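Reviewing the structure listed below.
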């Protein structure tokens with residue numbers, strides 16, 4: 042049984058400043074990019090999630106002083122009246138708009154217990170260093186400064202919270218740079234809150250779409266606080282962490298493409314001869330995305346090719362092995378490019394679909410990379426089937442867009 046909780050969000054006081062205060066997630070940019078994004082924005086939430094941008098480059102991003110500085114910046118934003126707590130526990134609805142497509146999520150807190158017992162299902166492995174980083178950030182700031190992106194199979198829950206669209210929103214802005222729309226509504230009526238809460242108790246499981254490190258850190262922070270609390274009763278605020286729950290029918294996974302730094306000692310002609318053993322290959326007249334599952338499009342020497350996996354490679358496959366990213370890894374990246382572990386190999390890089398196929402062409406034509414593989418997107422049904430089977434996806438299998446903004450709604454670990 043899924044349990045969700047309303048909470049007193051820590052959020053921007055002035056709606057006109059919500060766009061400038063909120064920020065992209067901490068892990069979609071490097072330190073230099075974070076510094077550039079926060080330039081001229083004294084209240085950018087990056088000063089909390091990436092507080093090292095205000096410190097000398099010689100200071101390691103994982104240094105204890107970085108987490109302490111994040112807490113200082115958060116406390117200062119509260120003291121200066123830039124952000125403030127809601128007066129009562131509430132739910133919120135968060136709409137994202139991208140290229141005419143809308144998706145609506147319910148902002149709530151979820152139980153750390155549900156992460157540990159599998160009610161919140163995962164499909165990716167986490168990296169210990171990144172998980173530890175977010176854990177230290179949560180415990181030092183005493184807050185979930187960014188939400189976990191969850192999805193679920195809708196059984197009428199959207200009908201309950203979707204009607205909030207008829208009301209005046211708290212925030213409504215378009216983020217600079219990407220042009221995506223962000224709208225937030227408040228649900229503060231006790232009867233509505235109870236109806237929504239009860240409705241989600243019929244949802245058997247939810248799935249982490251994006252934010253595996255945040256989810257692990259949020260759950261571990263709750264466990265750490267519980268172990269340190271001699272008077273633990275089980276319903277403390279710190280036993281929960283921040284999430285946004287989107288119906289799976291509204292979400293779209295983008296492609297997550299691969300670029301290879303070199304051809305591993307082969308000439309282009311030799312590589313193509315090897316690939317003929319794996320694919321049926323057809324030369325394309327122009328830049329195109331793969332038209333279907335089990336097809337990847339190759340770009341090499343200023344030419345695009347449609348590469349369809351040979352039928353004999355597709356027999357008797359489980360939910361993970363049938364993914365195009367897994368097929369490419371097993372039959373091409375491993376044996377032909379010596380990419381044994383995509384997470385650590387220096388031979389490969391990954392390009393999110395939001396950057397477009399033009400980014401692949403740019404990387405190859407510049408000489409930075411030798412070739413690129415454009416992937417057909419993993420589907421949500423595949424993601425949920427893999428999570429239901431308790432299996433793990435290969436690295437870089439999914440790219441969700443638009444990204445959730447940090448700093449619009451923050452959950453703190455102690456009741457206020």
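In our numbering, the protein residues as written are 42 to 457. Using N, Cα and C, we set each Cβ at its ideal position, and we do this for glycine too. Just so we're clear, the structure is a prediction, and the values are computed from it rather than from any experiment.
Proximity of residue i and residue j at Cβ, strictly below 8 Å
{"i": "residue 298", "j": "residue 392", "result": "yes"}
{"i": "residue 262", "j": "residue 176", "result": "yes"}
{"i": "residue 248", "j": "residue 193", "result": "yes"}
{"i": "residue 147", "j": "residue 221", "result": "no"}
{"i": "residue 438", "j": "residue 368", "result": "no"}
{"i": "residue 139", "j": "residue 443", "result": "yes"}
{"i": "residue 300", "j": "residue 390", "result": "yes"}
{"i": "residue 410", "j": "residue 339", "result": "no"}
{"i": "residue 184", "j": "residue 451", "result": "yes"}
{"i": "residue 144", "j": "residue 292", "result": "yes"}
{"i": "residue 182", "j": "residue 75", "result": "no"}
{"i": "residue 133", "j": "residue 228", "result": "yes"}
{"i": "residue 360", "j": "residue 285", "result": "no"}
{"i": "residue 42", "j": "residue 242", "result": "yes"}
{"i": "residue 162", "j": "residue 428", "result": "yes"}
{"i": "residue 278", "j": "residue 456", "result": "yes"}
First and last residue of the uninterrupted alpha helix (DSSP H) at residue i
{"i": "residue 154", "result": "153–157"}
{"i": "residue 198", "result": "198–202"}
{"i": "residue 108", "result": "105–120"}
{"i": "residue 385", "result": "That residue, residue 385, is in no alpha helix (DSSP H); it is neither H nor E in DSSP."}
{"i": "residue 173", "result": "169–182"}
{"i": "residue 82", "result": "First-last for residue 82: undefined, no H or E at that position."}
{"i": "residue 59", "result": "59–62"}
Outcome for residue i when other beta-carbon atoms lying within 10 angstroms are tallied against a minimum of 16
{"i": "residue 166", "result": "exposed"}
{"i": "residue 157", "result": "exposed"}
{"i": "residue 373", "result": "buried"}
{"i": "residue 142", "result": "exposed"}
{"i": "residue 272", "result": "exposed"}
{"i": "residue 370", "result": "buried"}
{"i": "residue 47", "result": "buried"}
{"i": "residue 256", "result": "buried"}
{"i": "residue 235", "result": "exposed"}
{"i": "residue 419", "result": "buried"}
{"i": "residue 71", "result": "exposed"}
{"i": "residue 325", "result": "exposed"}
{"i": "residue 159", "result": "exposed"}
{"i": "residue 379", "result": "exposed"}
{"i": "residue 85", "result": "buried"}
{"i": "residue 290", "result": "exposed"}
{"i": "residue 322", "result": "exposed"}
{"i": "residue 93", "result": "buried"}
{"i": "residue 341", "result": "buried"}
{"i": "residue 424", "result": "buried"}
{"i": "residue 55", "result": "exposed"}
{"i": "residue 252", "result": "buried"}
{"i": "residue 26", "result": "The structure shown does not extend to residue 26, since the chain spans only 42 to 457, so no value can be given for it."}
{"i": "residue 327", "result": "exposed"}
{"i": "residue 240", "result": "buried"}
Sheet register partners of residue i (DSSP bridge)
{"i": "residue 225", "result": "135 and 212"}
{"i": "residue 344", "result": "341"}
{"i": "residue 142", "result": "139"}
{"i": "residue 46", "result": "150"}
{"i": "residue 301", "result": "389 and 412"}
{"i": "residue 129", "result": "The partner list for residue 129 (beta bridge, DSSP) is empty, contrary to what the question assumes."}
{"i": "residue 517", "result": "This structure cannot speak to residue 517, because the chain is shown only from 42 to 457."}
Element boundaries [beta strand (DSSP E), containing residue i]
{"i": "residue 191", "result": "189–193"}
{"i": "residue 125", "result": "124–126"}
{"i": "residue 88", "result": "Unbroken run through residue 88 is the alpha helix (DSSP H), 87–90; no beta strand (DSSP E)."}
{"i": "residue 51", "result": "51–53"}
Could you tell me which whole alpha helix (DSSP H) segments of length 4 or greater appear in the region 391–453? 398–406 and 421–429
What are the start and end residues of each continuous alpha helix (DSSP H) run of 4 or more residues lying completely inside the region 214–299, in chain order? 231–241 and 253–269
Curious, which full-length alpha helix (DSSP H) runs of at least 4 residues does the region 304–377 contain? 309–316 and 365–369
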